[in-house]
Amino acid sequence: MSIRLITRADDFGSCHAADQAILAALEAGVLIRNVSCMAVGCTIQESAEALSIFADQVDIGLHFVLNSEWDSVKWTPCSPRAQIRSLLNTQGEFFQTREELLAAAPEWSVIETELNAQLETLLSLGLPISYVDGHMAPDGLLPDLAERMRAWAQSHGLLYVRDHSRFPACGMPAFAPSEAVYQANVEHWLSDMEQGQQYLYFMHPARMSDETILFCNAEFAPGVVAWERELEARSAVSSLWASRLEQYDLELIRYRNAHPSPALPMGGYF
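In terms of the UniProt record's numbering, the sequence shown opens at residue 1 and continues consecutively.
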């Protein structure tokens, strides 16, 4: 039996470098079958139309954001700030860390307000949203949020795809200082999969640029995330995937053709 691999590009709408890399991956058609969009991102308004062209070949989802993780790049809430005070810090921005969000203990009614606003933003841009997932996995952090988001998704005719998250024992492909080593790590990751099982491969393709250099914080020095996303951008268009599909008997699938997975081996973060 084939290995079923859900391939997903995250953070569309976060910056031009990400949008361009993801659109290039879709044009190549070798890997990505799902794209998760940030309604709060600074380029979603101008890039949505280009993404919508690919709606027949990929599933497009809402990448629900409750954290703004970088030091200088900030995501803008879709709701009026006065309606979602408990989701914001004293500067009126999403909390930078998951720990701050957990400590704020926002009520579901407030979260739902922003969830609805982010969905409406993407729909208003003509994007056919079919699923929802969580940026930095707040649904793996806040009590009862996974259950509430699952019910919310069902009420809106969407898939709640946290239920589809399963990973090999080694986690995700390890990043590396060179593309050659990274591609070898991808091969090792694929070899750790079991035939007949379904896995998730989520990535954040983005071309290394002045934009992505700014994706930094206390955990990631300037340039670290930029290089990691450059590696994923290269992988997303790599001709190596043609031979990998045959070698590992891979079936790349959209969420609409996936099934819920029994476990989350990587733990609550994802």
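We put the beta carbon where it would ideally sit given N, CA and C, even for glycine.
By Cβ distance, which residues of its chain are closer than 6 Å to residue i, with the 5 residues on each side in sequence left out?
| i | result |
| --- | --- |
| residue 74 | 68, 93 |
| residue 173 | 185, 186, 189 |
| residue 225 | 215 |
| residue 267 | The predicted position of residue 267 is uncertain, since its pLDDT is 45 and thus under 50; no value can be drawn from it. |
| residue 1 | 195, 196 |
| residue 209 | 17 |
| residue 72 | 214 |
Reducing DSSP to helix, strand and coil, say where residue i ends up.
| i | result |
| --- | --- |
| residue 212 | helix |
| residue 63 | strand |
| residue 22 | helix |
| residue 161 | helix |
| residue 58 | coil |
| residue 272 | The structure shown does not extend to residue 272, since the chain spans only 1 to 270, so no value can be given for it. |
| residue 154 | helix |
| residue 148 | helix |
| residue 195 | coil |
| residue 53 | coil |
| residue 32 | coil |
| residue 47 | helix |
| residue 27 | helix |
| residue 266 | In this prediction, residue 266 scores a pLDDT of 47, lower than 50, which makes its location untrustworthy; no coordinate-derived value is stated. |
Where does residue i land, buried or exposed, given buried means 16+ other C-beta within 10 angstroms?
| i | result |
| --- | --- |
| residue 90 | exposed |
| residue 204 | buried |
| residue 230 | buried |
| residue 256 | exposed |
| residue 128 | exposed |
| residue 269 | Here residue 269 scores only 47 on pLDDT, less than 50, and its place in the model should not be relied on; the value that follows carries that caveat. When all chains shown are included, residue 269 counts as exposed. |
| residue 82 | exposed |
| residue 61 | buried |
| residue 259 | exposed |
| residue 33 | buried |
| residue 236 | buried |
| residue 106 | buried |
| residue 84 | buried |
| residue 30 | buried |
| residue 58 | buried |
| residue 25 | buried |
| residue 10 | buried |
| residue 130 | buried |
Beta-carbon within less than 7 Å of residue i's beta-carbon, same chain only, minus the 5 sequence neighbours each way: which residues are those?
| i | result |
| --- | --- |
| residue 40 | 65, 75, 76, 77, 78, 118 |
| residue 108 | 148 |
| residue 70 | 214, 215, 216, 217 |
| residue 233 | 21, 205, 206, 207 |
| residue 16 | 43, 211 |
| residue 228 | 175 |
| residue 28 | 237 |
| residue 223 | 213 |
| residue 102 | 141, 142 |
Name the DSSP beta bridge partners of residue i, please?
| i | result |
| --- | --- |
| residue 7 | 201 |
| residue 12 | 37 |
Within its chain, find whatever has a CB closer than 8 Å to the CB of residue i; leave out the 5 residues flanking it on each side and keep chain order.
| i | result |
| --- | --- |
| residue 12 | 18, 19, 22, 35, 36, 37, 38, 41, 44, 47, 51, 63 |
| residue 149 | 64, 115, 132, 134, 139, 160, 162 |
| residue 248 | 3, 190, 191, 193 |
| residue 164 | 6, 198, 200, 255, 258, 259, 260, 261 |
| residue 242 | 30 |
| residue 183 | 235, 238, 240 |
Going along the chain, which unbroken runs of the alpha helix (DSSP H) with 4 or more residues stay wholly within the region 214-261?
-> Contiguous alpha helix (DSSP H) elements confined to the region 214-261 occur at 224-236, 240-247, taking only those with 4 or more residues.
Unbroken alpha helix (DSSP H) runs of length 4 or more, entirely within the region 72-145: which are they?
-> Taking only runs of at least 4 residues, the alpha helix (DSSP H) segments lying wholly in the region 72-145 are 98-104, 108-124.
Residue ranges of each alpha helix (DSSP H) run of no fewer than 4 residues wholly in the region 169-195, ordered along the chain?
-> Taken in chain order, the complete alpha helix (DSSP H) segments of 4 or more residues contained in the region 169-195 are 179-191.
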